[in-house]
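Q: According to the working numbering, the sequence shown is numbered sequentially starting from 5.
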Amino acid sequence: MSVTRPAGFVASGGAGGIKPEGKLDLALVATADGAAVPAAGVFTTNKAAAAPVQVSRRHLAASGQRAAAVLLTSGNANAATGPAGVAACEALCGEVARLLRPDEGIAAEAVLICQTGLIGFPFPLEVVRPRLPALVAGRGPGREQAELAARAIMTTDTVPKEVAVEGEGWTVGGMAKGAAMLSPRMATMLAVLTTDAVVEPAVLQAALRQAIEPTFNRLSVDGATSTNDTVLVLASGASGRRPSADALAAALTDACGRLARQMAQDAEGGTKVAVVRVEGALDDEEAHRAARKVAESQLVQCSLNGADPYWGRVVSELGAAQVAFELDRVRVAYGGVEVCRAGVAVPHDTEAVAAHLAGREVEITCDLGLGTGRAAVLTTDLSEGYLAENRRTS
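(1) Answer yes or no: does any C-beta atom of chain D fall closer than 8 Å to that of Arg333?
(2) Can you tell me which of the three DSSP states Asn309 falls into?
(3) Within 10 angstroms of the Cβ of Thr383, are there 16 or more other Cβ atoms? Answer buried if so, exposed if not.
(4) What are the complete beta strand (DSSP E) segments, minimum 3 residues, inside the region 290 to 343?
(5) Is Ala239 closer than 8 Å to Thr275 when the C-beta atoms are compared?
(6) What residues are listed by DSSP as bridge partners for Gln119?
(7) Taking contact to mean at least 3 C-beta pairs separated by less than 8 Å, is the region 305 to 314 in contact with the region 359 to 378?
(8) Do you know offhand how far Ala91's Cα is from Thr376's?
(9) Check whether the region 327 to 347 touches the region 244 to 261, counting contact only when three or more Cβ pairs, one atom from each stretch, lie closer than 8 Å.
(10) Counting along the chain, where does the alpha helix (DSSP H) carrying Thr275 start and finish?
(11) Label Pro10 either buried or exposed according to how many other C-beta atoms from any shown protein chain fall within 10 Å of its C-beta, with 16 as the threshold for buried.
(12) For Ala52, collect the residues of the same chain with a Cβ closer than 6 Å to its Cβ; drop the 5 residues on either side in sequence, then sort them by chain order.
(13) Tell me where the alpha helix (DSSP H) around Pro87 begins and ends.
(14) For the putative contact between Arg317 and Leu372, defined by C-beta atoms under 8 Å, what is the C-beta separation to the nearest angstrom?
(15) Helix, strand or coil: which one does DSSP assign to Leu263?
(16) Does Thr35 pass the burial test, meaning 16 or more other C-beta atoms within 10 Å, or should it be called exposed?
(17) Tell me, to the nearest whole angstrom, how far the beta carbon of Leu28 is from that of Leu152; I am working on the premise that it is less than 8 Å.
(18) Do Cys344 and Val282 have their CB atoms nearer than 8 Å?
(19) Any chance the region 154 to 169 sits against the region 86 to 101, with 3 or more Cβ pairs inside 8 Å?
(20) Rounded to a whole number of angstroms, what is the C-alpha to C-alpha distance between Glu25 and Met158?
The following block contains the structure:
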């Protein structure tokens with residue numbers, strides 16, 4: 005299962021009228037009893053942050069990092085919509101809070117919000133708000149409700165993205181969406197994680213930040229950082245188990261890593277998933293910078309699409325990455341087959357390289373020969389399908 009695999013959580017998905025023809029576009033993930041629990045979040049570094057990012061940040065701060073629910077909508081990003089966009093988010097959160105516990109009530113700050121879709125279009129609050137009672141009433145702990153929620157947050161995604169990771173008597177679950185505009189630098193498009201571990205908010209926040217660094221922060225489909233990037237995690241404590249901070253971070257890292265790979269596999273128009281590894285850099289930060297430069301190169305991505313082992317493009321990007329670099333120390337390999345050594349071509353098994361590049365999964369390894377720094381970035385090829393999707397508003 006997904007977000008409902010950990011004990012103490014429910015989910016639902018439905019049609020809110022944002023997308024046409026009654027398509028799923030509303031999702032809810034909540035605690036089973038509607039009570040606020042420890043929560044943490046990481047958000048986009050884009051300075052044009054969308055209204056839901058602004059509101060969720062504020063709600064986490066006001067609540068002392070506790071939340072009872074996450075409302076998600078798709079089809080309209082509610083970004084670049086001014087005060088009206090923020091007001092729409094606050095209204096939606098307030099309505100969900102009222103519906104979750106109609107007798108006792110909870111503060112609107114206990115509800116977080118994620119939105120994704122088109123930028124710059126007013127959010128249709130009066131269309132969506134009347135659909136919320138059915139969404140909240142339909143929540144449940146089952147597999148069907150979790151899948152509906154995961155499907156409801158899809159935009160150009162073709163498949164839902166879900167994960168569950170088992171700890172020792174406790175669990176982490178999650179769902180995410182994202183197929184393009186993926187170059188997160190602190191988050192990804194949208195991801196909601198849950199756990200039934202017992203954990204304090206500060207520990208949860210630290211574990212989440214640790215988890216996204218080698219996963220979502222090492223994914224780049226097109227070098228674009230969204231206005232809406234959000235990763236949230238809620239901890240019900242329902243298992244009664246308190247894992248160590250390291251164990252919790254490891255489970256969250258595993259979950260985020262699996263979701264990141266699912267995003268790469270479902271990238272808009274993508275035909276290949278590639279891991280760009282850089283070794284031998286002066287330090288890990290320089291390795292990351294060099295790997296990202298190669299991974300985000302349109303020329304390299306086009307070569308991947310054509311299954312063309314044009315290593316000269318890789319070396320060129322390494323040299324332009326603003327890191328320590330000496331051409332006569334560089335090595336490049338495709339699928340473990342070295343094609344460049346000391347900055348020049350070397351004899352190699354061309355059939356093996358061709359077979360590797362013809363596959364769905366590709367690995368490019370670059371050794372700068374200068375130190376012990378290493379990093380890897382996950383990317384995809386650049387195809388006609390990506391251009392067809394993004395040459396128009398989508």
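Positions of the beta carbon are idealized from the N, C-alpha and C atoms, including for glycine.
A: On the basis of the coordinates in this document:
(1) The displayed structure is made up of one protein chain only, and chain D is not part of it.
(2) Residue state, collapsed to three classes: helix.
(3) Its Cβ being crowded by 16 or more others within 10 Å, Thr383 is buried.
(4) As summarised for the region 290 to 343, the continuous beta strand (DSSP E) elements at least 3 residues long and confined to that stretch are 335 to 338, given in chain order.
(5) No, the pair does not count as a contact, with Cβ atoms beyond the cut-off.
(6) According to DSSP, Gln119 bridges with Thr77.
(7) Judged by Cβ distances under 8 Å, the region 305 to 314 makes contact with the region 359 to 378, as three or more pairs qualify.
(8) Cα-Cα distance, rounded: 50 Å.
(9) Result no; under three Cβ-Cβ pairs closer than 8 Å.
(10) It is not in any alpha helix (DSSP H) - Thr275 carries neither H nor E in the DSSP assignment.
(11) Burial check for Pro10: the Cβ neighbour count within 10 Å reaches 16 or more, so the residue is buried.
(12) Answer for Ala52: Thr231, listed in chain order.
(13) Under the DSSP assignment, Pro87 falls in the alpha helix (DSSP H) whose first and last residues are Gly86 to Leu104.
(14) Beta-carbon to beta-carbon, Arg317 and Leu372 are separated by about 16 Å, too far to satisfy the 8 Å threshold.
(15) Reduced to three states, the DSSP call for Leu263 is helix.
(16) Within a 10 Å sphere around the beta-carbon of Thr35 sit 16 or more other beta-carbons, which makes this residue buried.
(17) Going by Cβ atoms, the distance from Leu28 to Leu152 rounds to 7 Å, so yes, they are a contact pair.
(18) Not a contact, by the Cβ cut-off of 8 Å.
(19) Short answer: they don't touch.
(20) The straight-line gap from Cα to Cα measures roughly 15 Å.
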